[in-house]
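Peer 1: I'd like to ask some things about the structure below.
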Amino acid sequence: MPVRPVPSAPVDPGRALIVGGLWMTAACGMLALLAAEIRMAAQHVHPLEVVFFRNLFGVVLMVPMLRRLPLPYDFRRRWTLFGLRGLTSFLAMSTWFFAVATIPLADAVALNFTLPLFATLLAVITLGETVRARRWTALAVGFAGTLVVLRPGFTEVSAGTIAALASALFMASSAISIRRMAAHDGPAVITFWSNIVMTPISLIPAAFVWTWPGWEGWAWLLLVGATAIIAQIFLSRAYAAAPTSAVMPFDFTRLPFAVLIGLAFFDEVPDPWTLVGATVIIGSAVYITRREARLASRPTAGQITTAPQPDRPEITSEDK
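So this is what it looks like as structure tokens:
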């Protein structure tokens, strides 16, 4: 007599949100700590070297994932997308590492919250997505908040602040490529092979500024690699526990973590205008994220469905 499978217990949405939110908050704490470790590592070697070692250690630490990947993998099928993803991720990581090494952590994180704004613009340009008046208004408000943080004409706009904005733009570009890749490959495949591509790409510019680190430098580089992997694990658990639209607002806890770490380790007191501008940017980004999730959950014209639609591939800060 066949044995019937025992039905799994229903998932409590409230508990799932709490668990997902806790994992996301823990990931944000690790990402803020990672930014501080990047700054310390950059005191021993050039930021481009830090980028290379972060990718190298990431590949080494992800070797256990090989057992879960489809092998052999025909990399030639989508080498263009993997190359684009690797290049944009390298540019995002390089500009982000330079930003956190040169400007206050709170400023860098506040400007990085423009990522959903850039992602929406790029989705319109490259994917042909339709954006209506309310989201255009949210975009305008978000970029107004960016001007509050930068205050052009009142304070000098440094290379670090430009790098922080550039990193958000490149992260958004990377997220767009992930949307295309997700139609064929799972997150583990995308993450592993993207890191494989990024490692040699990041070695080329690092070779021009290469200096061998001392023991203290090696320690910081190892911490950067380990913390980045831990943050990715926490992010994965967050998205596995609850829908993307539910956990993404917790991403903004990176700002208080960055403020606390900057104050504790670098004596950085955030400028009031930075906090005001960050609040405006966060409000705009939360609206856009919620709106994206709402649109993604709607069935397309002529589609009859009884199951909820999956979230769009999430836009995260994984390129750090």
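Residue 55 is where the sequence shown starts when you use the numbering used here, and the numbers rise one by one after that. Every residue gets a Cβ at the ideal spot worked out from N, C-alpha and C, and that includes glycine.
In three-state terms, what does DSSP make of Ala292?
Peer 2: helix
Peer 1: When we look at the beta-carbon of Ile72 and count the other beta-carbons within 10 Å, is it buried (16 or more) or exposed?
Peer 2: exposed
Peer 1: Under a three-way DSSP split, which group does Glu322 fall into?
Peer 2: coil
Peer 1: So, under 8 angstroms CB-CB, Gly196 and Thr168 are touching, yes? Tell me the CB distance rounded to an integer number of Å.
Peer 2: 6 angstroms
Peer 1: Just how far apart, CA to CA, sit Gly74 and Arg291?
Peer 2: 7 angstroms
Peer 1: Ordered along the chain, which non-local residues of its own chain (more than five positions away) have a Cβ less than 7 angstroms from that of Trp77?
Peer 2: Phe288, Arg291, Ala292, Ala295
Peer 1: If the criterion is Cβ atoms closer than 8 angstroms, does the pair Leu110 and Ala285 meet it?
Peer 2: no
Peer 1: How many Å lie between Pro362 and Ala96 at the Cα?
Peer 2: With a pLDDT of 38 at Pro362, under the threshold of 50, the modelled position of that residue is not reliable, and the figure given next carries that caveat. Approximately 46 angstroms, taken between the alpha carbons.
Peer 1: In its own chain, which residues sit with a C-beta less than 8 angstroms from the C-beta of Trp327, not counting the 5 before and 5 after it?
Peer 2: Val202, Val203, Arg205
Peer 1: Got a sec? Which residues, its chain only, sit under 6 angstroms from Ala217 by beta carbon, not counting five neighbours each side?
Peer 2: Thr149, Phe152, Ala153
Peer 1: Got a sec? Which residues, its chain only, sit under 6 angstroms from Pro303 by beta carbon, not counting five neighbours each side?
Peer 2: Val340
Peer 1: Out of Thr253, Ala229, Gly214, state which residue places its alpha-carbon closest to the alpha-carbon of Arg93.
Peer 2: The residue with the shortest Cα to Cα distance from Arg93 is Gly214.
Peer 1: Going by other Cβ atoms of all chains shown within 10 Å of its Cβ, with 16 needed for buried, is Thr180 buried or exposed?
Peer 2: exposed
Peer 1: Consider the C-beta atom of Phe319 and the heavy atoms of the ligand GDP; say whether any pair is separated by less than 7 angstroms.
Peer 2: What this structure holds is no ligand at all, so the ligand GDP is not there to describe.
Peer 1: Enumerate in chain order the residues of its own chain whose CB-to-CB distance from Leu145 is below 7 angstroms, with the five nearest sequence positions on each side excluded.
Peer 2: Closer than 7 angstroms at Cβ, skipping near neighbours: Phe224.
Peer 1: If the criterion is Cβ atoms closer than 8 angstroms, does the pair Ala222 and Leu159 meet it?
Peer 2: no
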